[in-house]
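Undergrad:
Number of protein chains: 2
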Amino acid sequence: MSAASGDPQGSQQGLTIRVSIPGLRGVRLTRRILSSSSWFLVFQQVCEWRSPEQLKELLDLELKDEGESESKILQRCREAIRYSVKTSHPRFFNQLFAGLEPYSTVASFIIESIKTSLYTYEVAPVFTLMENAVLRKMIETIGWEEGGDGIFNPGGSMSNMYAMNLARYRYCPDWKEVGLYSAPRLVVFTSQESHYSISKAAALMGLGTKNVYMGAVPFMVNATAGTTVFGAFDPIEEIASVCEKHNLWLHVDACWGGAALMSKKHKHLLKGIHRVHSVSWNPHKMLMASLQCSAFLVRDKTSLLQRCHSARASYLFQQDKFYDVSYDTGDKSVQCSRKPDAFKLWLMWKALGSRELEQRVDRALAMARYLTQEIKKRDGFQLLMEPEFANMCFWYIPPSLRKLPEGPELWTKLHAVAPVIKERMMKTGSMMIGYQTHGDKPNFFRMVVISPQVSRQDLDFVLEEIHHLGQDL
Amino acid sequence: MSAASGDPQGSQQGLTIRVSIPGLRGVRLTRRILSSSSWFLVFQQVCEWRSPEQLKELLDLELKDEGESESKILQRCREAIRYSVKTSHPRFFNQLFAGLEPYSTVASFIIESIKTSLYTYEVAPVFTLMENAVLRKMIETIGWEEGGDGIFNPGGSMSNMYAMNLARYRYCPDWKEVGLYSAPRLVVFTSQESHYSISKAAALMGLGTKNVYMGAVPFMVNATAGTTVFGAFDPIEEIASVCEKHNLWLHVDACWGGAALMSKKHKHLLKGIHRVHSVSWNPHKMLMASLQCSAFLVRDKTSLLQRCHSARASYLFQQDKFYDVSYDTGDKSVQCSRKPDAFKLWLMWKALGSRELEQRVDRALAMARYLTQEIKKRDGFQLLMEPEFANMCFWYIPPSLRKLPEGPELWTKLHAVAPVIKERMMKTGSMMIGYQTHGDKPNFFRMVVISPQVSRQDLDFVLEEIHHLGQDL
Ligand SMILES: Cc1ncc(COP(=O)(O)O)c(C=O)c1O
Ligand SMILES: Cc1ncc(COP(=O)(O)O)c(C=O)c1O
Numbered sequence: 010m011s012a013a014s015g016d017p018q019g020s021q022q023g024l025t026i027r028v029s030i031p032g033l034r035g036v037r038l039t040r041r042i043l044s045s046s047s048w049f050l051v052f053q054q055v056c057e058w059r060s061p062e063q064l065k066e067l068l069d070l071e072l073k074d075e076g077e078s079e080s081k082i083l084q085r086c087r088e089a090i091r092y093s094v095k096t097s098h099p100r101f102f103n104q105l106f107a108g109l110e111p112y113s114t115v116a117s118f119i120i121e122s123i124k125t126s127l128y129t130y131e132v133a134p135v136f137t138l139m140e141n142a143v144l145r146k147m148i149e150t151i152g153w154e155e156g157g158d159g160i161f162n163p164g165g166s167m168s169n170m171y172a173m174n175l176a177r178y179r180y181c182p183d184w185k186e187v188g189l190y191s192a193p194r195l196v197v198f199t200s201q202e203s204h205y206s207i208s209k210a211a212a213l214m215g216l217g218t219k220n221v222y223m224g225a226v227p228f229m230v231n232a233t234a235g236t237t238v239f240g241a242f243d244p245i246e247e248i249a250s251v252c253e254k255h256n257l258w259l260h261v262d263a264c265w266g267g268a269a270l271m272s273k274k275h276k277h278l279l280k281g282i283h284r285v286h287s288v289s290w291n292p293h294k295m296l297m298a299s300l301q302c303s304a305f306l307v308r309d310k311t312s313l314l315q316r317c318h319s320a321r322a323s324y325l326f327q328q329d330k331f332y333d334v335s336y337d338t339g340d341k342s343v344q345c346s347r348k349p350d351a352f353k354l355w356l357m358w359k360a361l362g363s364r365e366l367e368q369r370v371d372r373a374l375a376m377a378r379y380l381t382q383e384i385k386k387r388d389g390f391q392l393l394m395e396p397e398f399a400n401m402c403f404w405y406i407p408p409s410l411r412k413l414p415e416g417p418e419l420w421t422k423l424h425a426v427a428p429v430i431k432e433r434m435m436k437t438g439s440m441m442i443g444y445q446t447h448g449d450k451p452n453f454f455r456m457v458v459i460s461p462q463v464s465r466q467d468l469d470f471v472l473e474e475i476h477h478l479g480q481d482l
Numbered sequence: 010m011s012a013a014s015g016d017p018q019g020s021q022q023g024l025t026i027r028v029s030i031p032g033l034r035g036v037r038l039t040r041r042i043l044s045s046s047s048w049f050l051v052f053q054q055v056c057e058w059r060s061p062e063q064l065k066e067l068l069d070l071e072l073k074d075e076g077e078s079e080s081k082i083l084q085r086c087r088e089a090i091r092y093s094v095k096t097s098h099p100r101f102f103n104q105l106f107a108g109l110e111p112y113s114t115v116a117s118f119i120i121e122s123i124k125t126s127l128y129t130y131e132v133a134p135v136f137t138l139m140e141n142a143v144l145r146k147m148i149e150t151i152g153w154e155e156g157g158d159g160i161f162n163p164g165g166s167m168s169n170m171y172a173m174n175l176a177r178y179r180y181c182p183d184w185k186e187v188g189l190y191s192a193p194r195l196v197v198f199t200s201q202e203s204h205y206s207i208s209k210a211a212a213l214m215g216l217g218t219k220n221v222y223m224g225a226v227p228f229m230v231n232a233t234a235g236t237t238v239f240g241a242f243d244p245i246e247e248i249a250s251v252c253e254k255h256n257l258w259l260h261v262d263a264c265w266g267g268a269a270l271m272s273k274k275h276k277h278l279l280k281g282i283h284r285v286h287s288v289s290w291n292p293h294k295m296l297m298a299s300l301q302c303s304a305f306l307v308r309d310k311t312s313l314l315q316r317c318h319s320a321r322a323s324y325l326f327q328q329d330k331f332y333d334v335s336y337d338t339g340d341k342s343v344q345c346s347r348k349p350d351a352f353k354l355w356l357m358w359k360a361l362g363s364r365e366l367e368q369r370v371d372r373a374l375a376m377a378r379y380l381t382q383e384i385k386k387r388d389g390f391q392l393l394m395e396p397e398f399a400n401m402c403f404w405y406i407p408p409s410l411r412k413l414p415e416g417p418e419l420w421t422k423l424h425a426v427a428p429v430i431k432e433r434m435m436k437t438g439s440m441m442i443g444y445q446t447h448g449d450k451p452n453f454f455r456m457v458v459i460s461p462q463v464s465r466q467d468l469d470f471v472l473e474e475i476h477h478l479g480q481d482l
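Residue numbers (this note's numbering), protein chains in the order written: chain A, 10 to 482; chain B, 10 to 482.
1. Return yes when at least one heavy atom of ligand 1 lies under 7 Å from the C-beta of Asn291/A, else no.
2. Does chain A have any CB closer than 8 Å to the CB of Arg411/B?
3. List the whole-angstrom C-beta distance separating Asn231/A from Ser208/A, where the pair is believed to meet the contact cut-off of C-beta under 8 Å.
4. Which ranges would you report for the beta strand (DSSP E) in the stretch 146–200 of chain B if only whole runs of at least 3 residues count?
5. Just how far apart, CA to CA, sit Ser45/A and Gln84/A?
6. Decide if Gln104/A is buried, meaning its Cβ has at least 16 other Cβ atoms within 10 Å, or exposed.
7. Assuming the contact rule is C-beta atoms closer than 8 Å, Val458/A and Ala360/A should be a hit. Round their C-beta distance to whole Å, please.
8. Enumerate in chain order the residues of its own chain whose CB-to-CB distance from Ala3/A is below 8 Å, with the five nearest sequence positions on each side excluded.
9. Check whether the Cβ of Gly339/B lies closer than 8 Å to any Cβ atom in chain A.
10. Do you know offhand how far Leu189/A's Cα is from Leu314/B's?
11. Provide the residue(s) that pair with Val457/A in DSSP beta bridges, ordered along the chain.
12. Under 8 Å, Cβ to Cβ, is there at least one residue of chain B near Gln480/A?
13. Please list, in chain order, all residues of the same chain as Thr446/B whose beta carbon is under 7 Å from its beta carbon, the five residues on each side excluded.
14. Where does the unbroken alpha helix (DSSP H) through Tyr92/B begin, and where does it stop?
15. Is it true that the CB of Ile384/B sits closer than 8 Å to the CB of Phe403/B?
16. Name the DSSP beta bridge partners of Ser250/A, please?
17. His476/A CB to nearest chain B CB: under 8 Å?
18. Measure from the alpha carbon of Ser80/A to the alpha carbon of each residue in Met394/B, Gly159/B, Tyr112/B, Gln391/B, then state which is nearest.
19. Find out if the Cβ-Cβ distance for the pair Leu138/B, Leu64/A is shorter than 8 Å.
20. DSSP state of Gly339/A, grouped into three classes?
21. Which residues in the same chain as Leu325/A place their Cβ atom closer than 7 Å to its Cβ, once the five residues preceding and following it in sequence are excluded?
22. Pull up the distance between the alpha-carbon of Ser47/A and that of Ser346/B, whole angstroms please.
23. Alpha helix (DSSP H) containing Thr446/A: first to last residue?
24. Determine, for Glu247/B, whether the minimum Cβ-Cβ distance to residues of chain A falls below 8 Å.
25. Leu356/A touches chain B at which residues, Cβ-Cβ below 9 Å?
26. When every heavy atom of ligand 2 is checked, does at least one fall within less than 7 Å of the C-beta of Asn174/B?
27. Is any heavy atom in ligand 1 found nearer than 7 Å to the beta carbon of Trp491/A?
28. Residues bridged to Thr233/B by DSSP?
29. Please tell me whether Asp158/B has its Cβ less than 8 Å away from any Cβ of chain A.
30. Do three or more CB pairs link the stretch 150–169 of chain B to the stretch 301–309 of chain B at distances below 8 Å?
31. Could one say the Cβ of Phe242/A lies closer than 8 Å to chain B's Cβ atoms, at least one of them?
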């Protein structure tokens with residue numbers, strides 16, 4: 010694939026990728042993609058909403074016996090981009106990821122181009138060492154002075170499951186072979202606010218979701234550093250003291266809040282993390298690494314990670330290799346093929362340095378504080394609670410409801426407001442923010458500020474737009 | 010990032026990526042990457058071997074407080090590419106993936122650029138529908154006439170684990186909540202040749218690796234269509250009859266052999282697959298989709314996949330949305346964020362049509378047969394067995410050993426041959442082929458032919474090169 014033509018004007022407008030792979034014998038393609046996708050410019054929509062039925066009409070999804078021409082395929086790429094949500098748009102606040110980090114994106118392209126899977130040093134020498142270097146740096150950042158072990162996973166959910174598996178394995182290594190049939194009922198302690206991946210892991214691992222909150226023999230405590238909804242931090246120091254007393258594995262799910270470790274100003278939120286057994290940390294969230302980039306880190310130095318997960322496949326992990334096979338890290342994973350996600354963090358860290366990453370975190374949290382102040386100032390906006398991190402949870406109360414006394418009538422009417430504003434927001438495509446209930450609370454907005462591309466103007470816009478879209482309700 | 014300069018000559022040499030993202034406010038980078046990586050040209054090495062120690066010296070891996078200049082980072086990218094294994098080189102035969110499929114690569118770049126995660130329709134409308142379309146097409150290809158369900162996973166290991174979890178869930182849904190403590194000892198039947206992911210899944214799921222081969226209450230049978238080492242096919246039709254009789258869940262691990270379903274000529278290898286409960290199929294192997302691209306498919310139409318894995322997170326899966334929430338597929342997964350890997354298959358399938366995919370499979374298998382003939386013809390080469398698929402397992406017996414009678418002395422000496430040839434091959438970088446033992450067999454080569462870039466000349470070269478590297482042993 011090579012550029013059909015130069016178009017410097019066009020490439021000023023957005024993201025242009027030109028790929029030329031003439032070495033592919035017999036395959037010569039000309040393709041120019043993405044050139045029309047200048048989705049970062051604020052006058053563009055965050056999304057161009059189409060219902061599933063409409064979108065099926067617009068995209069001819071069916072796969073056929075005959076292939077299509079290159080120009081047709083180029084058209085398909087354009088359509089895929091057009092109707093996809095622009096998660097890097099400065100007004101996308103719907104998820105715990107946002108924004109495009111250029112260095113990390115470059116790393117992703119390289120990874121895609123050289124098509125590497127991590128299991129043995131021989132197949133992935135560079136990325137094996139880079140993963141090593143990044144894990145070491147993250148471990149240093151956490152403060153495990155004696156070092157530790159770790160692995161990058163496809164997502165924090167997987168990292169949390171790894172923690173549960175290691176904790177169980179340490180408690181009784183025999184269960185790896187014999188299963189749980191001889192085992193006492195095991196329970197995991199965690200808070201109501203912890204991420205649902207803890208329950209999913211308990212179900213998959215044969216522990217049972219009902220054994221997550223209360224029970225018989227505890228083998229692990231999960232503390233959350235930055236909860237998904239409220240951005241709350243469990244008190245690690247206190248929990249660590251209890252766990253040490255009872256010899257319990259303490260895992261910290263810092264998928265979201267781990268970024269605070271980069272900041273001298275904010276790392277107190279995770280005070281005590283140097284005492285825990287394992288940590289999940291997703292650099293693809295606040296540090297803005299490309300999706301996915303998720304690390305699982307363990308303080309253990311007795312190769313627990315390998316012993317717990319190993320299957321010793323002879324076709325990959327031969328012991329008579331001519332190099333030090335401790336660099337064949339694949340048996341630490343429950344996956345077989347595994348993407349070199351660590352490179353996405355390595356390259357951007359190398360380019361920006363810890364200092365710039367620190368500033369990024371500080372800036373996001375300063376922006377979050379600005380938004381908090383604005384929410385407090387404005388009529389009709391009400392915070393659920395004072396935010397600890399970058400999650401702002403708030404209600405918008407339309408003028409028609411502002412006179413109602415607190416009580417069931419208000420709650421019922423307020424509950425209907427956020428879904429309608431969300432629908433209108435999606436259909437105009439002006440921005441994206443999540444909403445949800447929590448316990449018996451009526452629907453509220455959860456807005457998350459991550460990206461350094463976001464300006465105060467963007468935040469002001471969001472609050473004005475919510476009012477604009479909801480004032481008649 | 011935008012092209013520093015046009016270089017049509019350079020781009021004729023290999024893979025060039027130019028990215029311009031000027032919309033990123035405050036960030037303006039100029040980067041030209043990969044232009045020097047013309048790794049497809051056969052005169053280039055498959056790898057430029059460096060030991061871990063040497064490579065650590067060459068790459069300055071440490072992450073520091075201060076960032077680095079753009080030219081430094083460009084240099085780092087070049088180094089990362091240079092010392093990475095060129096898995097798309099026509100002489101890379103080391104893994105069950107190889108080659109770069111251009112359309113799938115374009116899809117990967119788009120995915121990386123628009124940074125999408127699949128859980129709800131609102132965040133990933135296009136890719137949700139595309140995943141749907143691809144799953145439907147794969148299900149049709151398998152031959153489940155009533156349809157089914159499915160999901161793309163980060164790797165076939167995960168897909169196999171999904172099968173085990175669904176089989177267990179169907180056997181007794183209560184265990185999702187209460188765990189295995191009340192359960193009888195469950196066992197999984199599979200063959201010795203099945204992939205190690207079956208054992209890894211049994212360990213993680215609390216079933217115990219010892220319960221994979223023999224035992225008490227069977228709840229699942231795993232058949233392998235295309236085993237990892239020998240490329241052998243379990244007789245699905247016969248196994249299905251037994252499973253139907255005993256109401257056992259039958260899963261087919263077709264991660265490797267699934268590609269044969271595309272071919273009228275070869276699909277008999279999976280005869281009976283329309284009768285099974287679930288299938289794992291990795292298009293990133295023989296169909297050459299970008300890594301990773303792995304589907305799990307289930308014949309069930311009662312939303313077992315969702316019921317088995319759901320955690321119903323209220324922040325993602327609100328039920329009062331303004332669109333049909335059955336398009337929010339995220340709760341079918343045990344992951345939270347999940348990459349839209351289906352697009353990598355959708356785009357190439359759309360571009361090439363089923364017909365071209367069929368030819369690709371036929372061509373790979375014809376090449377494999379050619380190689381088999383060549384191995385049989387040449388002195389000193391000996392097949393372990395007649396190949397059923399694209400895996401050729403063979404010994405190279407150096408002249409010094411050819412006169413030895415079969416017996417312990419020959420086996421011991423032969424066992425040492427493949428590791429030395431592999432070391433020499435890596436150090437010259439001329440090609441990459443795996444070797445391994447199996448049971449008490451001495452080390453042998455396992456060579457896999459996948460890519461349409463591979464020519465007869467490449468195959469001839471491999472056999473000559475093995476002789477060249479090993480004739481003095
Ligand atoms: C606290 C927390 N832990 C874990 C996860 C799961 O991360 P992933 O989506 O990478 O699986 C999330 C996702 O939002 C999270 O908020
Ligand atoms: C038969 C079989 N099943 C499953 C897998 C695992 O696939 P993945 O590496 O995508 O996890 C493999 C990998 O080679 C395989 O050969």
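We treat Cβ as the ideally placed atom computed from N, Cα and C, and that holds for glycine.
TA: A quick look at the data gives this:
1. On the first sequence, residue 291/A is found 282 positions in, with the first residue counted as 1. Correct: Asn291/A has its Cβ closer than 7 Å to ligand 1.
2. In the second sequence, counting from the first residue as 1, residue 411/B sits at position 402. Closer than 8 Å: no.
3. As a first step, residue 231/A is located in the first sequence; it is residue number 222 there, counting from the start. As a first step, residue 208/A is located in the first sequence; it is residue number 199 there, counting from the start. Wrong, their Cβ atoms sit about 11 Å apart, outside the cutoff.
4. 158–162, 195–198
5. What you label residue 45/A is simply residue 36 of the first sequence in a count that begins at 1. What you label residue 84/A is simply residue 75 of the first sequence in a count that begins at 1. Residue confidence for Ser45/A is low, a pLDDT of 30 falling below 50, so the modelled location carries little weight; the figure read from the coordinates is stated next. The straight-line gap from Cα to Cα measures roughly 11 Å.
6. Translated into positions along the first sequence, residue 104/A becomes position 95. With 16 or more Cβ atoms within 10 Å of its Cβ, Gln104/A is classed as buried.
7. Position 449 of the first sequence, counted from the start, is the residue given in the question as residue 458/A. Position 351 of the first sequence, counted from the start, is the residue given in the question as residue 360/A. Actually they are not in contact, since the Cβ atoms of Val458/A and Ala360/A sit about 23 Å apart, beyond 8 Å.
8. The question about residue 3/A has no answer here: the residues shown for chain A are numbered 10 through 482.
9. Your numbering for residue 339/B matches position 330 in the second sequence. Chain A, which has no Cβ nearer than 8 Å to the Cβ of Gly339/B, makes this no.
10. Position 180 of the first sequence, counted from the start, is the residue given in the question as residue 189/A. Position 305 of the second sequence, counted from the start, is the residue given in the question as residue 314/B. Straight-line Cα distance between these residues: approximately 23 Å.
11. On the first sequence, residue 457/A is found 448 positions in, with the first residue counted as 1. Answer by DSSP bridge pairing, in chain order: Asn400/A.
12. Locating residue 480/A in the first sequence gives position 471, where the first residue counts as 1. By this cut-off, Gln480/A is not an interface position.
13. Position 437 of the second sequence, counting from 1, holds the residue named residue 446/B. Closer than 7 Å at Cβ, skipping near neighbours: Asn452.
14. As a first step, residue 92/B is located in the second sequence; it is residue number 83 there, counting from the start. Residues 79–92.
15. Counted from its first residue, the second sequence places residue 403/B at position 394. Counted from its first residue, the second sequence places residue 384/B at position 375. For Phe403/B and Ile384/B, yes; Cβs fall inside 8 Å.
16. Residue mapping note: residue 250/A aligns to position 241 of the first sequence, counting from 1. Ser250/A is not bridged to any residue.
17. Residue mapping note: residue 476/A aligns to position 467 of the first sequence, counting from 1. With 8 Å as the cut-off, His476/A does not count as an interface residue toward chain B.
18. Within the first sequence, the letter at position 71 stands for residue 80/A. Here the closest residue by C-alpha is Tyr112/B.
19. Counted from its first residue, the second sequence places residue 138/B at position 129. Counted from its first residue, the first sequence places residue 64/A at position 55. Yes, the pair counts as a contact, with Cβ atoms nearer than the cut-off.
20. Counting from one through the first sequence, the residue named residue 339/A turns up at place 330. Here Gly339/A sits in helix by DSSP.
21. By one-based count along the first sequence, residue 325/A stands at place 316. Contacts found: Tyr128, Thr129, Gly339.
22. As a first step, residue 47/A is located in the first sequence; it is residue number 38 there, counting from the start. As a first step, residue 346/B is located in the second sequence; it is residue number 337 there, counting from the start. Any reading at Ser47/A needs caution, since the residue's pLDDT is 33, under 50, leaving its predicted position unreliable; the model's value is listed next. Whole-angstrom Cα-Cα distance: 25 Å.
23. The residue you call residue 446/A lines up with position 437 of the first sequence. It is not in any alpha helix (DSSP H) - Thr446/A instead sits in the beta strand (DSSP E) that spans 441–447.
24. Translated into the one-based positions of the second sequence, residue 247/B becomes position 238. No, no contact with chain A.
25. Start at 1 with the first residue of the first sequence, and residue 356/A comes out as number 347. By Cβ distance, chain B contributes Ile82, Arg85, Cys86, Ala89.
26. For the purposes of this step, residue 174/B is identified with residue 165 of the second sequence, where counting begins at 1. No, ligand 2 has no heavy atom inside 7 Å of this Cβ.
27. Nothing can be reported for residue 491/A, as the shown portion of chain A is limited to 10 through 482.
28. To locate residue 233/B, count along the second sequence from 1; it is residue 224. Answer is Asp262/B.
29. As a working mapping, residue 158/B is identified with position 149 in the second sequence. Chain A, which has no Cβ nearer than 8 Å to the Cβ of Asp158/B, makes this no.
30. yes
31. By 1-based counting over the first sequence, the position of residue 242/A is 233. Not an interface residue.
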